[in-house]
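Residue numbers (the numbering used here): 4 to 118. Backbone N, C-alpha and C define an ideal beta-carbon position, used for all residues, glycine too.
Below you can see the structure in the form of structure tokens.
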């Protein structure tokens with residue numbers, strides 16, 4: 004429909020990938036909030052198509068109970084979580100919260116498309 008880019012984009016896509024998935028983005032998606040195009044696209048995306056998210060954040064943020072709840076909520080809604088892994092994060096700290104390497108993300112995407 005004219006003026007409804009998020010609807011057209013959602014219908015045209017075979018898969019939705021959110022990478023990096025920040026703590027903020029995971030919370031927005033888990034609670035169905037759509038303050039921007041990505042949020043609107045996620046809500047308009049057909050539920051029977053694969054949806055993946057690759058968390059990436061500071062280790063303390065990843066361990067926070069609210070982030071854990073939101074990630075579990077997304078998974079219970081049918082999203083597939085890819086990672087995170089242990090290692091150096093963007094802030095320079097080591098620990099859980101590092102986004103998976105591009106090759107691992109690509110493998111997950113291909114696997115989801117083949118399923």
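Check	Outcome
Residue 100: first and last residue of the uninterrupted alpha helix (DSSP H) it sits in	From DSSP, residue 100 is part of no alpha helix (DSSP H) but of the beta strand (DSSP E) over 97 to 101.
Proximity test, residue 48 beta-carbon vs the ligand NAD heavy atom, cut-off 8 angstroms	As for the ligand NAD, it is missing from this structure, which has no ligand bound.
Nonlocal neighbours in the same chain, by C-beta distance under 6 angstroms from residue 73, ignoring five residues either side	29, 30 and 33
Which listed residue (7, 45, 51 and 36) has its alpha carbon closest to that of residue 115	51
CB of residue 85 within 9 angstroms of CB of residue 117, strictly	no
Rounded separation between residue 101 and residue 89 - CA only	6 angstroms
Beta bridge counterpart(s) of residue 89 as assigned by DSSP	99
Distance between residue 81 and residue 55 (C-alpha atoms, nearest Å)	9 angstroms
Contained alpha helix (DSSP H) runs [length at least 4] in the segment 14 to 100, N- to C-terminal order	26 to 33, 40 to 47, 62 to 66 and 68 to 79
Cα-Cα separation, residue 92 to residue 7	37 angstroms
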